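Participant: Protein chains in written order, with my numbering: chain H, 923 to 1085; chain V, 923 to 1085. No residue lacks a Cβ here, since even glycine has one placed at the ideal position from N, Cα and C. Keep in mind that this is a model prediction, so the values were computed, not measured.
Number of protein chains: 2
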Amino acid sequence: MANVALFETVLNSLPPDAHHRRAWLALLTCFSRIERILMQHIAQQYNSSLPRYDILTALALHEKSLTMGELATMLEVTKGNITGVVRRLSHDGLVSKVTLKEDRRIQSVSITAEGRMLWVAMHDDYDRIISRLLSGQSDDQVKSLTRALKQTLKAVDKIAAAL
Amino acid sequence: MANVALFETVLNSLPPDAHHRRAWLALLTCFSRIERILMQHIAQQYNSSLPRYDILTALALHEKSLTMGELATMLEVTKGNITGVVRRLSHDGLVSKVTLKEDRRIQSVSITAEGRMLWVAMHDDYDRIISRLLSGQSDDQVKSLTRALKQTLKAVDKIAAAL
DNA sequence: GGTGTTTAGTTTATACTTAAACCGATGTCT
DNA sequence: AGACATCGGTTTAAGTATAAACTAAACACC
């Protein structure tokens, strides 16, 4: 009897003028459903995870190595977080981490050949899943979703900056 | 030099026809930015967290108590997850957990008076923040975002069910 | 050249999350 | 009644995340 997603419950409890809340709820739900599918796929097929994939992506697309701080900035997570994930990736031989001679505070992280091979495979798969999940909609629908999200992102960043 | 969010980097690396990937990227970024703001606010103001808020919300909106399994279903997380968060909430006196007499396997969880008071305050604040963050857009823009997200959710669920 | 200050990253404590193994209680079936 | 399956939750192991405290290197500057 109570086995309905919270999404529905909250949605029904919302007054008709709660547009903002409804949008956020839809955003949250949509994101979580898709993320879970990606997560489970990456886990099963590659014995890996989204955070690992993200770091490999950053390194793969940048070519030249990145510092821990740059990774943290790009992924929008704390530096402490990066320390752990990079340690495990490095342990698995997917990235390499070198202390810079010129400034011994700085760690220079780059993707290894093995890491790049894994990344290419994962990236391909990741893309295929996204395409499949969104394939129920027309290109126009998808484009309009993207447009709305980018607008929202811009608005949010503006307000958030003024905090 | 590399201090740009991964969002931008990936976006620039995407071929013009990668509509799906672009939509997902926008969704991911938009979600994360908003979630982080909510998370930090709830942490600072209430020394609490979004998972805790979610459980309180489920209980507050349902009135009659819920089982651990129902909570897991509603929040779309594992039962093991619920065990931990509920334990801490219960320890803090915000929810109460009782073993059912009729079926000693079942835990009946409900929100306490104290829990409800906290929830009301948090809920209010949460709503205010969402409204504020999305206030840069017209009602029509917000509604169209919601519409696009609901469509997407429906499409995603359909495809995901056929896995 | 020593004395602070800033900077880059790590460590610590705590919480959240999953998947999988597990435990007890209940239901089923003969 | 006894054997076995199922069901509801908990536990475990590992990873991910934050904030805050910390370490060590580089800088600044008198």
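Would you say Arg955 of chain H reaches chain V, if we count a Cβ-Cβ gap shorter than 7 angstroms as a contact?
Facilitator: The residue given as residue 955 of chain H occupies position 33 in the first sequence. For Arg955 of chain H, the answer is yes, since a Cβ of chain V falls inside 7 angstroms of its Cβ.
Participant: Are the beta-carbon atoms of Val1031 of chain H and Val1007 of chain H separated by less than 7 angstroms?
Facilitator: Position 109 of the first sequence, counted from the first residue, corresponds to residue 1031 of chain H. Position 85 of the first sequence, counted from the first residue, corresponds to residue 1007 of chain H. Contact: no.
Participant: For Ile1081 of chain H, tell me which candidate among V:His1045, V:Arg1050 and V:Leu950 has the shortest Cα-Cα distance.
Facilitator: Here residue 1081 of chain H refers to the residue found at position 159 when the first sequence is read from its first residue. Minimum Cα distance to Ile1081 of chain H is reached at V:Arg1050.
Participant: If you follow the beta strand (DSSP E) that Val1017 of chain V is part of, which residue opens it and which one closes it?
Facilitator: Taking the first residue of the second sequence as 1, we reach residue 1017 of chain V at position 95. First-last of the beta strand (DSSP E) with Val1017 of chain V: Val1017 to Thr1021.
Participant: Please tell me whether Met996 of chain H has its Cβ less than 7 angstroms away from any Cβ of chain V.
Facilitator: Stepping through the first sequence from its first residue, residue 996 of chain H is reached at position 74. So yes, Met996 of chain H belongs to the interface.
Participant: Do you know offhand how far Arg944 of chain V's Cα is from Ala982 of chain V's?
Facilitator: Here residue 944 of chain V is taken as the residue at index 22 of the second sequence, counted from 1. Here residue 982 of chain V is taken as the residue at index 60 of the second sequence, counted from 1. Taking the straight line joining both Cα atoms gives about 37 angstroms.
Participant: Taking C-beta to C-beta, are Ile1004 of chain H and Met990 of chain H nearer than 7 angstroms?
Facilitator: Within the first sequence, numbered from 1, the residue matching residue 1004 of chain H stands at position 82. Within the first sequence, numbered from 1, the residue matching residue 990 of chain H stands at position 68. It is a contact, given that the beta carbons lie within the stated cut-off.
Participant: According to the neighbour-count rule (16 or more other Cβ atoms, all chains shown, within 10 Å of its Cβ), is Val1017 of chain H buried or exposed?
Facilitator: The sequence position of residue 1017 of chain H within the first sequence is 95, counting from 1. The residue in question, Val1017 of chain H, is buried, as its Cβ has 16 or more Cβ neighbours within 10 Å.
Participant: Under 8 angstroms Cβ-Cβ, which residues of chain V neighbour Asp1061 of chain H?
Facilitator: Translated into positions along the first sequence, residue 1061 of chain H becomes position 139. His941, listed in chain order.
Participant: Rounded to whole angstroms, what is the Cα-Cα separation between Ala948 of chain H and Asp1014 of chain V?
Facilitator: Position 26 of the first sequence, counted from the start, is the residue given in the question as residue 948 of chain H. Position 92 of the second sequence, counted from the start, is the residue given in the question as residue 1014 of chain V. Their backbone Cα atoms lie some 31 angstroms apart in a straight line.
Participant: What does Ser971 of chain V touch in chain H if you count any residue whose Cβ is under 7 angstroms from its own?
Facilitator: If you number the second sequence from 1, residue 971 of chain V lands on position 49. Within chain H, no residue comes near Ser971 of chain V; the closest Cβ sits about 15 angstroms away, beyond 7 angstroms.
Participant: Step through the CB atoms of chain H and report whether any lies within less than 7 angstroms of the CB of Asn925 of chain V.
Facilitator: To locate residue 925 of chain V, count along the second sequence from 1; it is residue 3. Taking Cβ atoms only, chain H reaches closer than 7 angstroms to Asn925 of chain V, which makes this a yes.
Participant: With 16 other CB atoms within 10 Å as the buried threshold, where does Gln1073 of chain H fall?
Facilitator: For this step, residue 1073 of chain H is matched to residue 151 along the first sequence. By the 10 Å Cβ count, Gln1073 of chain H comes out buried.
Participant: Using the Cβ count rule (16 or more neighbours within 10 Å means buried), how would you classify Gln966 of chain H?
Facilitator: Position 44 of the first sequence, counting from 1, holds the residue named residue 966 of chain H. With fewer than 16 Cβ atoms within 10 Å of its Cβ, Gln966 of chain H is classed as exposed.
Participant: Mind listing, in chain order, the continuous alpha helix (DSSP H) runs of no fewer than 4 residues lying wholly within the segment 972–1038 of chain H?
Facilitator: For the segment 972–1038 of chain H, whole alpha helix (DSSP H) runs of length 4 or above, ordered along the chain, are 972–984, 990–997 and 1001–1013.
Participant: Rounded to whole angstroms, what's the CA-CA distance from Leu997 of chain H to Ile956 of chain V? Just pull it up for me.
Facilitator: Locating residue 997 of chain H in the first sequence gives position 75, counting from the first residue. Locating residue 956 of chain V in the second sequence gives position 34, counting from the first residue. When rounded, the distance between both Cα atoms is 15 angstroms.
Participant: Of all the residues that make up the segment 1001–1035 of chain V, which are near chain H by a beta-carbon distance shorter than 9 angstroms?
Facilitator: Residues passing the 9 angstroms Cβ filter: none.
Participant: Evaluate contact between the segment 1044–1059 of chain H and the segment 1023–1039 of chain V, counting only Cβ atoms and requiring at least three cross-stretch pairs below 8 angstroms.
Facilitator: Cβ pair count under 8 angstroms is below three, so no.
Participant: Determine, for Val1078 of chain V, whether the minimum Cβ-Cβ distance to residues of chain H falls below 7 angstroms.
Facilitator: If you number the second sequence from 1, residue 1078 of chain V lands on position 156. Closer than 7 angstroms: yes.
Participant: Leaving out the 5 sequence neighbours to the left and right, which residues in its chain are closer than 6 angstroms to Leu1022 of chain V when beta-carbon positions are compared?
Facilitator: Translated into positions along the second sequence, residue 1022 of chain V becomes position 100. Same-chain partners within the cutoff: Ile1028 and Ser1030.
Participant: Write down the C-beta distance between Ala1077 of chain V and Gln1059 of chain H rounded to the nearest angstrom, noting that I regard them as a contact closer than 8 angstroms.
Facilitator: In the second sequence, residue 1077 of chain V corresponds to position 155, counting from 1. In the first sequence, residue 1059 of chain H corresponds to position 137, counting from 1. So it is a contact: roughly 5 angstroms between Cβ atoms.
Participant: Closest Cβ-Cβ distance between Val1064 of chain H and chain V: below 7 angstroms?
Facilitator: On the first sequence, position 142 is the one that residue 1064 of chain H refers to. Taking Cβ atoms only, chain V reaches closer than 7 angstroms to Val1064 of chain H, which makes this a yes.
Participant: To the nearest angstrom, report how far apart Glu992 of chain H and Arg1054 of chain H are at their CA atoms.
Facilitator: On the first sequence, residue 992 of chain H is found 70 positions in, with the first residue counted as 1. On the first sequence, residue 1054 of chain H is found 132 positions in, with the first residue counted as 1. Taking the straight line joining both Cα atoms gives about 32 angstroms.
Participant: Whole angstroms is fine: what's the gap from Ala940 of chain H's alpha carbon to Leu936 of chain V's?
Facilitator: Taking the first sequence and counting its residues from 1, the one referred to as residue 940 of chain H is at position 18. Taking the second sequence and counting its residues from 1, the one referred to as residue 936 of chain V is at position 14. Between Ala940 of chain H and Leu936 of chain V, the C-alpha separation is close to 35 angstroms.
Participant: Would you kindly check if the distance between the Cβ of Cys952 of chain H and the Cβ of Leu1085 of chain V is under 7 angstroms?
Facilitator: Residue 1085 of chain V sits at position 163 when you count from the first residue of the second sequence. Residue 952 of chain H sits at position 30 when you count from the first residue of the first sequence. No, Cβ-Cβ distance for Leu1085 of chain V and Cys952 of chain H is not below 7 angstroms.
Participant: In terms of residues, what are the limits of the alpha helix (DSSP H) holding Asn934 of chain H?
Facilitator: Residue 934 of chain H sits at position 12 when you count from the first residue of the first sequence. That run of the alpha helix (DSSP H) goes Leu928 to Ser935.
Participant: Can you give me the start and stop residues for the alpha helix (DSSP H) that Leu950 of chain H sits inside?
Facilitator: Counting from 1 along the first sequence, the entry for residue 950 of chain H is found at position 28. Note, Leu950 of chain H: alpha helix (DSSP H), His941 to Tyr968.
Participant: Could you check which residue in V:Ala927, V:Arg974, V:Leu928 and V:Val926 has the C-alpha nearest to that of His1045 of chain V?
Facilitator: Indexing the second sequence from 1 puts residue 1045 of chain V at position 123. Taking only the C-alpha atoms, the option nearest His1045 of chain V is V:Arg974.
Participant: His942 of chain V and Ser1056 of chain H - do their beta-carbons sit closer together than 7 angstroms?
Facilitator: On the first sequence, residue 1056 of chain H is found 134 positions in, with the first residue counted as 1. On the second sequence, residue 942 of chain V is found 20 positions in, with the first residue counted as 1. In the sequence on display, residue 1056 of chain H carries Leu and not Ser. Going by C-beta atoms, Leu1056 of chain H is nearer than 7 angstroms to His942 of chain V.
Participant: Given a cut-off of 7 angstroms, decide if Leu1067 of chain H and Ala927 of chain V are closer than it, judged by their beta-carbon atoms.
Facilitator: Here residue 927 of chain V corresponds to residue number 5 of the second sequence, with the count starting at 1. Here residue 1067 of chain H corresponds to residue number 145 of the first sequence, with the count starting at 1. No. Outside cutoff.
Participant: Classify Ala980 of chain H: buried if its beta carbon has 16 or more other beta carbons within 10 angstroms, exposed otherwise.
Facilitator: In the first sequence, counting from the first residue as 1, residue 980 of chain H sits at position 58. The residue in question, Ala980 of chain H, is buried, as its Cβ has 16 or more Cβ neighbours within 10 Å.
Participant: For the alpha helix (DSSP H) that contains Ala1082 of chain H, what are its first and last residues?
Facilitator: Against the first sequence, residue 1082 of chain H aligns to sequence position 160. From DSSP, the alpha helix (DSSP H) with Ala1082 of chain H extends over Asp1061 to Ala1083.
Participant: Between Trp946 of chain V and chain H, is there a C-beta pair that is closer than 7 angstroms?
Facilitator: If you number the second sequence from 1, residue 946 of chain V lands on position 24. With 7 angstroms as the cut-off, Trp946 of chain V counts as an interface residue toward chain H.
Participant: Answer yes or no: does any C-beta atom of chain H fall closer than 7 angstroms to that of Asp1046 of chain V?
Facilitator: Reading the second sequence from its first residue, position 124 is the one you call residue 1046 of chain V. No - not a single Cβ of chain H is within 7 angstroms of the one on Asp1046 of chain V.
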